[in-house]
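Undergrad: One structure is given below, represented as structure tokens, and several questions about it will come after.
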Amino acid sequence: MATLTTTQTSPSLLGGVVIIGGTIIGAGMFSLPVVMSGAWFFWSMAALVFTWFCMLHSGLMILEANLNYRIGSSFDTITKDLLGKGWNVVNGISIAFVLYILTYAYISASGSILHHTFAEMSLNVPARAAGFAFALLVAFVVWLSTKAVSRMTAIVLGAKVITFFLTFGSLLGHVQPATLFNVAESHASYTPYLLMTLPFCLASFGYHGNVPSLMKYYGKDPRTIVKCLIYGTLLALALYSVWLLGTMGNIPRPEFIGIAQKGGNIDVLVQALSGVLNSRSLDLLLVVFSNFAVASSFLGVTLGLFDYLADLFGFDDSAMGRFKTALLTFLPPMIGGLLYPNGFLYAIGYAGLAATIWAAIVPALLARKSRERFGSPKFRVWGGKPMIALILVFGVGNAVIHILSSFNLLPVYQ
């Protein structure tokens, strides 16, 4: 994947892999079967693999540039120095927007799934209150330290993986080939709905805010950090593939129209799966898995936002400094979650739009500029200028697709 020229030792891979994997694999995955139902399974898999490839390499480009700066430097520092104030402002707005809107999306998702969880126990807890309380808990963990987030994410991700295999082992056992291959619709069209899936795929591979955090954790050890990015993103790709197989192999394609019309939030999809499979134990596993999925992604994304804001405003690592950063990190999205608790699907889509700048366009430009100035002595992403061009086209293309979709200029499966 890249050329490495350092042999510096570093801590275990586990902490970094769980931060990257835990950030990626979360509430966003629940939007994928809904938004990909038009393109259906095989075309959706092609979109996922292509997006994984591009998003992995854009993350490696961030690492390439980041290694030329002091440990703790985030996008604000690097972008301002390499690309100038104009790009720094644009990049800063996109970073803040993506991380804030994903934090809001996970507050919405946590409120939704916790409301559903408590309802299963005959308890009526409003989604707004559940999301607010969960956000406070995550804020406390992030305030403690990066190590606390890593340890908590490792626990949550471990529980999520266990419940994942228990849940999807059952789901895969119920997969109907006729449903997966959509035999009922002999003249169905799939490719017209392919383009609109790409911004959601992009948003579902978002981890780039955690690359500077990994440098804090490992120091300037690209060999270990590269492995964290590769293994973490591959883990996400594998789980997404199984998730699409388990959902699209059990829920007939036309039923996803009704799921989307109800807002496409997590509880709606879980209810649809439970209704198709008619299994109480599987319903319980889905609920437990959903809670862990939201928790792990919530922790990873808010850690990235926390570190970015600390660098941007110059807050120190003392208890009071971290409290100020935590307040800026969590208060705005928590207010949004209270005012509009059901915006999960829309938030994921708009995160994909803004992330094209921060997670694709700017990383490619940073890699090009850092090579011109520093020559990338520690690490260089393979592929040269064609790879940089591919990531730029990928980012711009995703932005255009989302804008066209927002104005109803792309086909919608309905």
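Mapping to full-length UniProt numbering: the sequence shown position 14 is 14, numbers consecutive. Note that CB positions come from ideal geometry on N, CA and C, so glycine has one too.
1. Taking 7 Å as the limit between beta carbons, can you name the residues of its chain near residue 194, skipping five residues before and five after?
2. By Cβ distance, which residues of its chain are closer than 6 Å to residue 5, with the 5 residues on each side in sequence left out?
3. By a C-beta neighbour count over all protein chains shown, 10 Å radius and 16 as the cutoff for buried, is residue 413 buried or exposed?
4. Please state whether the Cβ-Cβ distance between residue 401 and residue 34 is less than 8 Å.
5. In angstroms with no decimal places, state the Cα-to-Cα distance between residue 395 and residue 51.
6. Please state the DSSP three-state secondary structure of residue 90.
7. In the DSSP assignment, find the unbroken beta strand (DSSP E) run with residue 253 in it and report its ends.
8. Evaluate residue 62 with the Cβ neighbour count: other Cβ atoms within 10 Å of its Cβ, from every protein chain shown; 16 or more gives buried, anything less gives exposed.
9. Going straight from the alpha carbon of residue 350 to that of residue 200, what length do you get?
10. Going straight from the alpha carbon of residue 319 to that of residue 326, what length do you get?
11. Is the separation between the beta-carbon of residue 106 and that of residue 289 shorter than 8 Å?
12. Measuring only the C-alpha atoms, how far is residue 248 from residue 84?
13. As a quick exercise: from 241, 275, 245, 222, pick the residue whose alpha carbon is nearest that of residue 255.
14. Please look up how many angstroms separate the CB atoms of residue 398 and residue 300, rounded, as I've assumed it's under 8 Å.
15. Rounded to whole angstroms, what's the CA-CA distance from residue 278 to residue 358? Just pull it up for me.
16. Is DSSP giving residue 379 helix, strand or coil here?
17. In angstroms, rounded to a whole number, what distance separates the CA positions of residue 391 and residue 360?
18. In angstroms, rounded to a whole number, what distance separates the CA positions of residue 183 and residue 252?
19. State the DSSP-derived secondary structure class of residue 176, mapped to helix, strand or coil.
20. Can you check whether the CB of residue 315 is closer than 8 Å to the CB of residue 321?
21. If the criterion is Cβ atoms closer than 8 Å, does the pair residue 153 and residue 25 meet it?
22. Leaving out five residues on either side along the sequence, give the residues of the same chain with a beta carbon under 8 Å from the beta carbon of residue 271.
23. Quick one, are the C-beta atoms of residue 219 and residue 71 less than 8 Å apart?
24. Does the beta-carbon distance from residue 202 to residue 367 come in below 8 Å?
25. So what's residue 126 in DSSP terms, helix, strand or just coil?
26. Just the Cα atoms here: how many angstroms apart are residue 111 and residue 126?
27. How about residue 208 and residue 73: are their beta carbons less than 8 Å apart?
28. By alpha-carbon positions, which one of 120, 231, 293, 241 ends up nearest to residue 172?
29. Using a 10 Å radius around the Cβ and a threshold of 16 neighbouring Cβ atoms, would you call residue 7 buried or exposed?
30. Over the uninterrupted alpha helix (DSSP H) stretch that includes residue 59, give me the two end residues.
31. Using C-beta distances below 8 Å, list every residue in its chain close to residue 328, excluding the 5 sequence neighbours before and after it, in chain order.
32. Going by C-alpha distance, which of 29, 15, 22 is nearest residue 244?
33. Where does residue 7 sit, in a helix, a strand or coil, going by DSSP?
34. Give the secondary structure of residue 187 by DSSP, where H, G and I count as helix, E and B as strand, and everything else as coil.
35. Restricting to Cα atoms, I'd like to know which of 32, 341, 196 is closest to residue 408.
TA: Let's see:
1. For the purposes of this step, residue 194 is taken as the residue at position 194 of the sequence shown. The residues 39, 43, 47, in chain order, have a CB closer than 7 Å to that of residue 194 in the same chain once the five nearest residues on each side in sequence are set aside.
2. One-based indexing of the sequence shown puts residue 5 at position 5. Per-residue confidence for residue 5 stands at a pLDDT of 47, beneath the threshold of 50, marking its modelled position as unreliable; the derived number appears in the next sentence. If we look at residue 5 and ignore the five residues flanking it on each side, it has no Cβ neighbours.
3. Counted from its first residue, the sequence shown places residue 413 at position 413. Counting Cβ neighbours within 10 Å, residue 413 comes out buried, since at least 16 surround it.
4. Residue 401 sits at position 401 when you count from the first residue of the sequence shown. Residue 34 sits at position 34 when you count from the first residue of the sequence shown. Residue 34 sits away from residue 401, with the two beta carbons spaced by 8 Å or more.
5. Counted from its first residue, the sequence shown places residue 395 at position 395. Counted from its first residue, the sequence shown places residue 51 at position 51. The alpha-carbon atoms of residue 395 and residue 51 are separated by roughly 10 Å.
6. On the sequence shown, position 90 is the one that residue 90 refers to. Correct three-state label for residue 90: helix.
7. Here residue 253 is taken as the residue at index 253 of the sequence shown, counted from 1. Taken as a continuous stretch (DSSP letters only), residue 253 belongs to no beta strand (DSSP E), as it is neither H nor E.
8. Taking the first residue of the sequence shown as position 1, residue 62 is located at position 62. Under this definition residue 62 is a buried residue.
9. By one-based count along the sequence shown, residue 350 stands at place 350. By one-based count along the sequence shown, residue 200 stands at place 200. Here the alpha carbons of residue 200 and residue 350 stand approximately 9 Å from one another.
10. If you number the sequence shown from 1, residue 319 lands on position 319. If you number the sequence shown from 1, residue 326 lands on position 326. In this structure, the alpha-carbon of residue 319 lies about 10 Å from that of residue 326.
11. As a first step, residue 106 must be located in the sequence shown, where it is residue number 106. As a first step, residue 289 must be located in the sequence shown, where it is residue number 289. The beta carbons of residue 106 and residue 289 sit no closer together than 8 Å.
12. As a working note, residue 248 is residue 248 in the sequence shown. As a working note, residue 84 is residue 84 in the sequence shown. For residue 248 and residue 84, the gap between their C-alpha atoms comes out near 46 Å.
13. To locate residue 255, count along the sequence shown from 1; it is residue 255. Proximity to residue 255 across 241, 275, 245, 222 peaks at 275, based on C-alpha coordinates.
14. The residue labelled residue 398 in the question sits at position 398 within the sequence shown. The residue labelled residue 300 in the question sits at position 300 within the sequence shown. Distance from residue 398 to residue 300 at the Cβ level is roughly 21 Å; contact not present, criterion being Cβ atoms closer than 8 Å.
15. The sequence position of residue 278 within the sequence shown is 278, counting from 1. The sequence position of residue 358 within the sequence shown is 358, counting from 1. So the alpha carbons of these two residues sit roughly 43 Å apart.
16. Indexing the sequence shown from 1 puts residue 379 at position 379. Strand, per DSSP.
17. For the purposes of this step, residue 391 is taken as the residue at position 391 of the sequence shown. For the purposes of this step, residue 360 is taken as the residue at position 360 of the sequence shown. Between residue 391 and residue 360, the C-alpha separation is close to 6 Å.
18. The residue you call residue 183 lines up with position 183 of the sequence shown. The residue you call residue 252 lines up with position 252 of the sequence shown. CA-to-CA, the gap between residue 183 and residue 252 works out to about 10 Å.
19. The residue labelled residue 176 in the question sits at position 176 within the sequence shown. If DSSP states are grouped into helix, strand and coil, residue 176 belongs with coil.
20. Here residue 321 refers to the residue found at position 321 of the sequence shown. Here residue 315 refers to the residue found at position 315 of the sequence shown. Yes, the pair counts as a contact, with Cβ atoms nearer than the cut-off.
21. Within the sequence shown, residue 153 is the residue found at index 153, counting from 1. Within the sequence shown, residue 25 is the residue found at index 25, counting from 1. No.
22. Position 271 of the sequence shown, counting from 1, holds the residue named residue 271. Excluding sequence neighbours, residue 271 sits near 116.
23. Stepping through the sequence shown from its first residue, residue 219 is reached at position 219. Stepping through the sequence shown from its first residue, residue 71 is reached at position 71. Result yes, Cβ atoms of residue 219 and residue 71 sit closer than 8 Å.
24. Here residue 202 corresponds to residue number 202 of the sequence shown, with the count starting at 1. Here residue 367 corresponds to residue number 367 of the sequence shown, with the count starting at 1. The answer is no: Cβ separation not under 8 Å.
25. Stepping through the sequence shown from its first residue, residue 126 is reached at position 126. Residue 126 falls in the coil class under three-state DSSP.
26. Sequence index remark: in the sequence shown, residue 111 carries index 111 (1-based). Sequence index remark: in the sequence shown, residue 126 carries index 126 (1-based). If I take the Cα positions, the gap works out to 8 Å.
27. Start at 1 with the first residue of the sequence shown, and residue 208 comes out as number 208. Start at 1 with the first residue of the sequence shown, and residue 73 comes out as number 73. Contact: no.
28. Translated into the one-based positions of the sequence shown, residue 172 becomes position 172. Checked all of 120, 231, 293, 241; the closest Cα to residue 172 is 241.
29. Here residue 7 is taken as the residue at index 7 of the sequence shown, counted from 1. Confidence at residue 7 is low in this model, with a pLDDT of 46, below 50, so its placement is unreliable and the value that follows should be read with caution. If you draw a 10 Å sphere on the C-beta of residue 7, you find fewer than 16 other C-beta atoms in it, and that means exposed.
30. Within the sequence shown, the letter at position 59 stands for residue 59. Note, residue 59: alpha helix (DSSP H), 40 to 66.
31. Taking the first residue of the sequence shown as 1, we reach residue 328 at position 328. In the same chain as residue 328, and ignoring 5 residues on each side of it, the C-beta atoms closer than 8 Å to its own belong to 309, 313, in chain order.
32. Counting from 1 along the sequence shown, the entry for residue 244 is found at position 244. Out of 29, 15, 22, 29 has the C-alpha closest to the C-alpha of residue 244.
33. Locating residue 7 in the sequence shown gives position 7, counting from the first residue. For residue 7, the pLDDT reaches just 46, beneath the cut-off of 50, and the residue's location in the model is therefore unreliable, leaving the point undetermined.
34. On the sequence shown, position 187 is the one that residue 187 refers to. Coil at residue 187, not helix or strand.
35. One-based indexing of the sequence shown puts residue 408 at position 408. Sorting 32, 341, 196 by C-alpha distance to the C-alpha of residue 408 places 196 at the top.
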